[in-house]
Ligand SMILES: [Zn+2]
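Here is the structure:
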């Protein structure tokens, strides 16, 4: 099994467009069993890539969550004053997509399950 992602989010660094490739049909079958019986990342739909132009004039990939919750800094003297005195805080929203650690945990669990099923065959099912 091979999990790949071509790019990461420019704002929150979550992997984008996660793709899973299987070595053979057995592995795909065991993966489908795992998806039926065990918890999986439920927020993977945020890890879809979109592109937005940033302040450097270039387009960068973003995840869906950062794309929808992007706050552009507007030039308003009152806003600048509030930001300087710490009344409001401007910054990226906390990421909600599946992070690298969660994806690695999921992959290790799937690999362990596939190894167990390969060792024991179809005895338990
Ligand atoms: Zn993001």
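Numbering (our numbering), first residue to last: 381 to 505.
We treat Cβ as the ideally placed atom computed from N, Cα and C, and that holds for glycine.
Computed from a predicted structure; not experimentally measured.
Going by C-alpha distance, which of the options is nearest residue i?
i           : options               : result
residue 502 : 384, 404 and 409      : 409
residue 385 : 427, 392, 391 and 435 : 427
residue 439 : 390, 490 and 489      : 390
residue 471 : 460, 464, 450 and 491 : 450
residue 393 : 475, 422 and 430      : 475
residue 401 : 416, 388 and 381      : 381
residue 422 : 493, 477 and 494      : 477
residue 495 : 383, 406 and 398      : 406
From the DSSP secondary-structure annotation, give me the bridge partner or partners of residue i.
i           : result
residue 432 : 440
residue 399 : 384
What does the Cβ neighbour count give for residue i, buried or exposed, with the cut at 16 atoms within 10 Å?
i           : result
residue 484 : exposed
residue 497 : buried
residue 454 : exposed
residue 419 : exposed
residue 396 : buried
residue 414 : buried
residue 434 : exposed
Using a Cβ-Cβ cut-off of 9 Å, state whether residue i counts as contacting chain B.
i           : result
residue 391 : Chain labels in this structure do not include chain B; a single protein chain is all it has.
Point to revise | Residues passing the C-beta test against ligand 1 heavy atoms, cut-off 5 Å | key: 389, 391, 392, 443 and 446
**Study point:** Length at least 4, wholly inside the region 446 to 487: the alpha helix (DSSP H) runs in chain order
**Key:** 457 to 465
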